[in-house]
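Asker:
In the numbering used here, the protein residues as written are 29 to 105.
In structure tokens form, the structure reads like this:
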């Protein structure tokens, strides 16, 4: 069980890194490549950016869950 959670944790870490890098900064980012900058208004973000935010939050929550699971599963001795 420990090794399964560890593999999932590593994959979530890599995925979370990728998702964070896709977010646009001050002048746009990689999310603009997928249409994120086409209809951006100052009042809100685009659909692509909102979906990217949701995926990032879900990945962060799953990463937190696997972190706590690993802490509980790890045998200190």
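All C-beta atoms, glycine included, are put in the ideal place defined by N, C-alpha and C.
Evaluate residue 94 with the Cβ neighbour count: other Cβ atoms within 10 Å of its Cβ, from every protein chain shown; 16 or more gives buried, anything less gives exposed.
Answerer: Residue 94 comes out buried.
Asker: Mind reading off the beta-carbon distance from residue 50 to residue 98? Whole number of angstroms is fine, and I expect it under 8 Å.
Answerer: Actually they do not touch by this definition, with Cβ atoms about 26 Å apart.
Asker: Can you tell me where the alpha helix (DSSP H) holding residue 95 begins and where it ends?
Answerer: Here the alpha helix (DSSP H) through residue 95 covers 75–101.
Asker: Please work out which residues of its chain come closer than 6 Å, Cβ to Cβ, to residue 32, disregarding the five sequence neighbours upstream and downstream, and give them in chain order.
Answerer: Once the five neighbours on either side are set aside, residue 32 has no close Cβ partner at all.
Asker: Given residue 44, which residues of its chain have a CB within under 8 Å of its CB, disregarding the five upstream and five downstream residues?
Answerer: Cβ neighbours of residue 44 beyond the five flanking positions: 84, 87, 88 and 91.
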